[in-house]
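Going by our numbering, the letters in the sequence shown line up with residues 6 to 240, in that order.
Below is one structure, written out as structure tokens, with a few remarks after it.
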Amino acid sequence: MDDGSEPEAHRLPLGALGMSASVIARLTSARIVPVVEIADADYGVALARTLAGAGLPMMEVTLRTPAALDAIRAIASEVPDFLVGAGTLLTTRQLEDAVAAGAHFGVSPGFSAALSGAAVAAELPFVPGATTATEILAAAESGHSHLKFFPAEQSGGAAAIASLTAPFAALGIRFMPTGGIRPSNLDAYLALPSVFAIGGTWIAPRDAIAAGEFEVIGAAARAAVATAAAAPPAA
Ligand code: 3PG
Numbered sequence: 006m007d008d009g010s011e012p013e014a015h016r017l018p019l020g021a022l023g024m025s026a027s028v029i030a031r032l033t034s035a036r037i038v039p040v041v042e043i044a045d046a047d048y049g050v051a052l053a054r055t056l057a058g059a060g061l062p063m064m065e066v067t068l069r070t071p072a073a074l075d076a077i078r079a080i081a082s083e084v085p086d087f088l089v090g091a092g093t094l095l096t097t098r099q100l101e102d103a104v105a106a107g108a109h110f111g112v113s114p115g116f117s118a119a120l121s122g123a124a125v126a127a128e129l130p131f132v133p134g135a136t137t138a139t140e141i142l143a144a145a146e147s148g149h150s151h152l153k154f155f156p157a158e159q160s161g162g163a164a165a166i167a168s169l170t171a172p173f174a175a176l177g178i179r180f181m182p183t184g185g186i187r188p189s190n191l192d193a194y195l196a197l198p199s200v201f202a203i204g205g206t207w208i209a210p211r212d213a214i215a216a217g218e219f220e221v222i223g224a225a226a227r228a229a230v231a232t233a234a235a236a237p238p239a240a
């Protein structure tokens with residue numbers, strides 16, 4: 006009997022446990038997310054303004070340096086309309102610190118029920134990592150439809166994502182690959198409709214940030230924006 010309700014498989018990832026619609030929409034429309042490691046928080050705001058000026062008003066600041074939280078705090082308060090996420094979230098404490106610093110979304114290289122629960126409690130749009138069918142299923146059961154695929158190149162690259170997309174189509178699973186992605190292999194990922202965004206450090210490498218090479222970073226961002234604009238859209 007058709008009572009008008011959606012099948013369970015379609016409802017599963019779309020609840021309050023997943024990403025907020027506005028964050029998904031912004032990441033999906035930019036398609037490229039600079040992943041950055043900031044050694045000196047003073048450079049965070051200048052970096053954000055450089056990326057915004059290049060048409061890429063978003064970044065994931067990895068919590069791999071002591072300066073990361075201060076950088077997120079400064080960007081969130083000083084750069085209007087810039088989407089700043091906290092990456093490399095490994096513990097619930099880090100996730101809570103990221104929320105307190107003003108992060109707009111969180112990213113983890115893997116999936117953990119504890120981190121997922123902490124993101125829900127904090128109402129933080131959250132992208133956990135998954136590279137196997139079992140991990141994807143676990144993340145989907147916790148309500149996540151948008152997943153990081155890391156390390157992308159080492160985990161089979163675009164071909165692996167294409168193979169994993171088909172069996173999970175009913176759950177609406179979408180991927181954000183990162184790890185080993187550069188201008189030379191970007192097109193292969195952009196060609197996949199199930200890839201909602203692509204992350205990487207190639208746009209703003211740690212050394213370039215530390216050296217204040219914002220012109221170089223801006224040029225790399227503009228090139229990535231142009232490449233993404235020429236690609237088929239995400240589903
Ligand atoms: C990440 O945390 O997403 C990765 O370290 C990015 O990998 P890359 O340096 O190869 O882009």
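The beta carbon of each residue, even a glycine, is placed where N, CA and C say it ideally should be.
Please read these numbers as outputs of a predicted model, since none were measured by experiment.
Residue environment, His15, which counts as buried when at least 16 other CB atoms sit within 10 Å: Per-residue confidence for His15 stands at a pLDDT of 36, beneath the threshold of 50, marking its modelled position as unreliable; no derived number is given.
Please work out which residues of its chain come closer than 6 Å, Cβ to Cβ, to Phe110, disregarding the five sequence neighbours upstream and downstream, and give them in chain order. Contacts found: Val28, Gly90, Pro130.
Could you tell me the distance, in whole angstroms, from the CA atom of Ala157 to the CA atom of Leu52? Answer to the nearest angstrom: the Cα atoms are 25 Å apart.
Cβ of Val40 within 6 Å of any heavy atom in ligand 3? Inclusion of ligand 3 in the displayed structure is not the case, the ligand content consisting of ligand 1 alone.
I want to check one thing, is the minimum distance from the CB of Thr97 to the heavy atoms of ligand 1 below 6 Å? Incorrect: Thr97 has no Cβ contact closer than 6 Å to ligand 1.
Less than 7 Å between C-beta atoms, sequence neighbours within five positions excluded: which residues of the same chain meet that for Ala143? Answer for Ala143: Phe116, listed in chain order.
Limits of the alpha helix (DSSP H) - the one that Val104 falls within: Boundaries of the alpha helix (DSSP H) around Val104: 97–106.
Could you pull out every residue in the same chain whose Cβ sits closer than 8 Å to the Cβ of Gly215, ignoring the five residues on either side in sequence? The question names Gly, but residue 215 in the sequence shown is Ala. If we look at Ala215 and ignore the five residues flanking it on each side, its Cβ neighbours are Ala44, Asp45, Tyr48.
Sufficient close CB pairs (3 or more, under 8 Å) joining the region 226–238 to the region 53–73: Result yes; three or more Cβ-Cβ pairs closer than 8 Å.
Taking the continuous alpha helix (DSSP H) assigned at Ile77, which residues delimit it? Judged by DSSP secondary structure, Ile77 falls within the alpha helix (DSSP H) whose first and last residues are 73–83.
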